[in-house]
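Numbering (my numbering), first residue to last: 4 to 68.
Glycine residues also receive a C-beta, built at the ideal position from the N, C-alpha and C atoms.
Computed from a predicted structure; not experimentally measured.
In what follows, a single structure is set out as structure tokens and then discussed.
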């Protein structure tokens, strides 16, 4: 099993969850967001990548070094 590099990402909410589905609202909440311009730093995992893909129209993702 090869070691994977731990990639840190910064996730910022840029759009409101008003008029979004409840599933997308729960995903935003699970990411630790909930208000516009709130930012969290996370380590990229397959689960996190899936969550980002579901709400990519509401957030902005930047890779940190």
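Determine the contact status of residue i and residue j, defining contact as a CB-CB distance below 7 Å.
{"i": "residue 58", "j": "residue 39", "result": "no"}
{"i": "residue 16", "j": "residue 52", "result": "no"}
If we count the other Cβ atoms within 10 Å of its Cβ and call it buried at 16 or more, is residue i buried or exposed?
{"i": "residue 62", "result": "buried"}
{"i": "residue 34", "result": "buried"}
Given residue i, which residues of its chain have a CB within under 8 Å of its CB, disregarding the five upstream and five downstream residues?
{"i": "residue 29", "result": "none"}
Could you give the first and the last residue of the continuous alpha helix (DSSP H) run that contains residue i?
{"i": "residue 27", "result": "25 to 33"}
{"i": "residue 57", "result": "49 to 57"}
Can you name the start and end residues of the beta strand (DSSP E) that residue i belongs to?
{"i": "residue 45", "result": "42 to 46"}
{"i": "residue 65", "result": "62 to 66"}
{"i": "residue 13", "result": "11 to 16"}
Query raised in the report: Taking contact to mean at least 3 C-beta pairs separated by less than 8 Å, is the segment 44 to 52 in contact with the segment 12 to 29?
Result: Yes, since at least three Cβ pairs between the segment 44 to 52 and the segment 12 to 29 fall closer than 8 Å, the two stretches touch.
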